[in-house]
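Just so we're aligned: the sequence shown equals residues -44 to -1, 1 to 497 in mature numbering (1 follows the signal peptide of the UniProt record, and there is no 0).
Glycine included, C-beta positions come from ideal geometry on N, C-alpha and C.
Every value quoted in this text rests on a predicted model; they were computed, and no experiment measured them.
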Amino acid sequence: MKLVQPLCHRGTKPTLPILRRVLAKAALLTAALAAASAMSMAHAQTAGGTLYAIVQPEPPVLVLGLNQQSPTQYVGSKIYEGLLTYSDKLQPQPGLAKSWDVSADGLTYTFHLQTGVTWHDGQPFTADDVVFTADKFLRKVHPRVRPILDRYVASITALDPATVQFKLKERFAPFIYLFGTDNILVVPKHIYDGTDYATNPANQHPIGTGPFMFKEWKRGSDIVLVKNPHYWKPGLPYLDRIVFHVIPDSASRSVAFEKGDVQVLRGGDIDNVDVTRVKAMPGVSSTTKGTEMYSTITSLVMNERKPPFDNVKVRQAVMYALNRQFIVDHIFFGIGKVATSPVSSTTLFHEPNLPVYNYDLKKARALIKESGVDLAKYPVRILSYPYGSAWDRLGEYTRQVLTQLGFNVDIDATDAGGWAQRVGNFDFDLTFHFTDQFGDPAIGVSRLFISSNIVKGSPFVNNEGYRNPEVDRLFAEASSAATREQRQALYSQVQKILVDDVANGFLFENQNVTLYKNNVHNLITNGVGTNSNFESVYLDK
């Protein structure tokens, strides 16, 4: 069976079919070698044991698609699967799809599914589940995937129980990047079809096809997943259980790791000031790999629907007043890099030659004066970002800076669920947000700025209310342009506009450090890092 990986950033040329066949053979060879290697290593890897980790903040729900926050993705990615996963080079790899074909014009994607896969309740997984998920479930609930499906996908068809075909209305260059659990995961049709997705009782006991099954959730304490004894990959997973502890306090999370009560810390699980010390402890390994798909950027989100942030000069003043290098060095203790654009410098299509908002309090005050806005009339409330003490410090620092400019500022504390609800309902003046790039600006960036994505109900859309028809046009053209060069030119234009307008306040590029005990193996194996399904993670005994 032929497997083809599309050339996402090249135009259709006479040599393209040949290149596709070469890539297909290379991909099949790579998959075969990986499978052979896995079989040969299986006897050396020990089965059994419990991996103890931390999930913070506690997620509001575990059903991927209904919620896209980081804690939900971390836990839910072990329960649910997508058609594909992605290497650290962002190359598509088989998941629930064992192979796929792409037409020469880039308009038809045909996925050939794994056979013998069952849902955790024993029902068979088929192409109908994929069609239902993408054509109904995600079109309704997923704010990042919905606008892409609505704009580009003409039809999704089950050609037979093991084959799904997506036909596009027009070319969408990064379409192949959509099929991980972050985006087009798969949920069971027999559980959700014809129901209210948000209130379905199964949300309390999620059912997927993944290597681990949901067992229990003691709110405020822990979430327990257990091995799927009928997983479709023979011999996997190795672990018997994964326990995600809910530990609200950063210092207590650090102590739990040091004592051995947990074996894995994701980026953000402990305060950045502790990372260097913990990393140097005996028996501890660390890595910054596994974030290639995300290349996360933290932004200051200002509600532009009302004063004072409906005035671009006020937004520019805020950017000049914030010392972003200070934020990286002293609030996040050097773990990060000042952002100059909404497109990360570690991904394709970043434009390096953009206006820079260097720290300049004098210029910030001058811009406030030029704006003509009487800040005394518009008190501002910062909605706290509930991801740990570093974010609390960032909120306090921002409050102090804005106060120096003449703002009247308070901070509203909230939890993860409250933050998501308020931001999704546009009920905020100012907040923080780290967002992922997902391999291409058409997936991870445009969703935050196009006017058609100003929709209530999710914190992962154009929540600031930014509107610019030229930005809409440039993003649309860039997503379907035939060559990488054409896409770069369009994305360079749109980045300059977004930076000039301070569509969001781009603060810094996140750099996540994963810490783990030396007896944990195969933790980071691809471009999605700890958001992989942990099927091959094993422990020394």
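Item: Contacts around Met258, its chain only, beta-carbon distance under 8 Å, and the 5 residues preceding and following it disregarded; Value: Phe265, Arg271, Val274, Asp385, Leu386, Glu420, Val458, Asn460, Gly461
Item: Residue from Gln121, Gly150, Trp75, Ala114 with nearest C-alpha to Val143; Value: Trp75
Item: C-alpha gap between Val336 and His389, whole angstroms; Value: 17 Å
Item: Which of helix, strand or coil DSSP assigns to Val427; Value: helix
Item: Where the alpha helix (DSSP H) through Ile324 begins and ends; Value: 317 to 327
Item: Spatial neighbours of Asp302 in its chain, beta-carbon cut-off 6 Å, leaving aside the 5 residues before and after; Value: Inspection of the sequence shows that residue 302 is occupied by Thr rather than by Asp. Contacts found: Ser251.
Item: Backbone secondary structure at Asp44 - three-state DSSP; Value: coil
Item: 6 Å Cβ shell around Gly72 - same chain, five flanking residues per side excluded; Value: Trp188
Item: Nearest residue (CA-CA) to His286, options Ala438, Val229, Met237, Asp57; Value: Val229
Item: Buried or exposed by the 16-neighbour rule on C-beta atoms within 10 Å, applied to Asn309; Value: exposed
Item: Whole-Å CB distance - Gly62 paired with Gly51, under 8 Å assumed; Value: In fact, because the Cβ distance is near 21 Å, the residues do not count as touching under 8 Å.
Item: Proximity below 8 Å, CB of Tyr334 to CB of Pro415; Value: no
Item: Uninterrupted beta strand (DSSP E) stretches inside the stretch 214 to 246 (no shorter than 3 residues); Value: 240 to 243
Item: Member of His201, Val182, Pro204, Arg107 whose CA lies at the smallest distance from the CA of Tyr194; Value: Val182
Item: Beta strand (DSSP E) runs wholly inside the stretch 171 to 212, at least 3 long, in chain order; Value: 178 to 183, 197 to 201
Item: Nearest-angstrom Cβ-Cβ length linking residue 555 and Leu7, presumed shorter than 8 Å; Value: A query on residue 555 cannot be resolved here, the shown segment of the chain reaching from -44 to 497 and no further.
Item: Top-ranked residue by Cα proximity to Val401, from Val312, Ile104, His186, Asp44; Value: Ile104
Item: Given 8 Å, three or more beta-carbon pairs between the stretch 17 to 35 and the stretch 478 to 490; Value: yes
Item: Nearest-angstrom Cα separation, counted from Phe200 out to Leu479; Value: 15 Å
Item: Element boundaries [alpha helix (DSSP H), containing Met275]; Value: 268 to 277
Item: Contacting residues, own chain, Cβ-Cβ under 6 Å from Asn474 (five flanking each side not counted); Value: Gly239, Ser241
Item: Whether Gly150 touches Gly344 by CB criterion (8 Å); Value: no
Item: Burial state of Gly413, where buried means 16 or more other Cβ atoms lie within 10 Å; Value: exposed
Item: Neighbourhood of Gly88 by C-beta, 7 Å cutoff - its chain only, sequence neighbours within 5 removed; Value: First, the amino acid is wrong: residue 88 is Phe here, not Gly. Counting only Cβ-Cβ distances below 7 Å, and skipping sequence neighbours, we find Lys145, Asp149.
Item: Glu14: first and last residue of the uninterrupted alpha helix (DSSP H) it sits in; Value: It is not in any alpha helix (DSSP H) - Glu14 carries neither H nor E in the DSSP assignment.
Item: Inter-residue Cα distance where the pair is Leu446 and Asn409; Value: 20 Å
Item: Environment of Thr137 [buried if 16+ CB atoms lie within 10 Å]; Value: buried
Item: Local conformation of Leu(-12) per DSSP, three classes; Value: Because the pLDDT at Leu(-12) is just 45, under 50, the model does not fix this residue reliably, and the value given afterwards should be weighed accordingly. Looking at Leu(-12) - three-state DSSP - the assignment turns out to be helix.
Item: Three-way DSSP call (helix, strand, coil) for Ala53 in this model; Value: strand
Item: Residue from Val411, Leu317, Glu126 whose Cα sits closest to the Cα of Phe382; Value: Val411
Item: Three CB pairs or more closer than 8 Å across the stretch 308 to 322 and the stretch 291 to 300; Value: yes
Item: 8 Å CB neighbourhood of Arg429 in its chain, flanking five on each side removed; Value: none
Item: Host alpha helix (DSSP H) of Tyr148 (start-end); Value: 145 to 148
Item: Residue span of the alpha helix (DSSP H) that contains Thr28, given as start and end; Value: 26 to 32
Item: Status (buried if at least 16 other CB within 10 Å, exposed otherwise) for Gly290; Value: exposed
Item: With 16 other Cβ atoms within 10 Å as the buried cut-off, status of Pro157; Value: exposed
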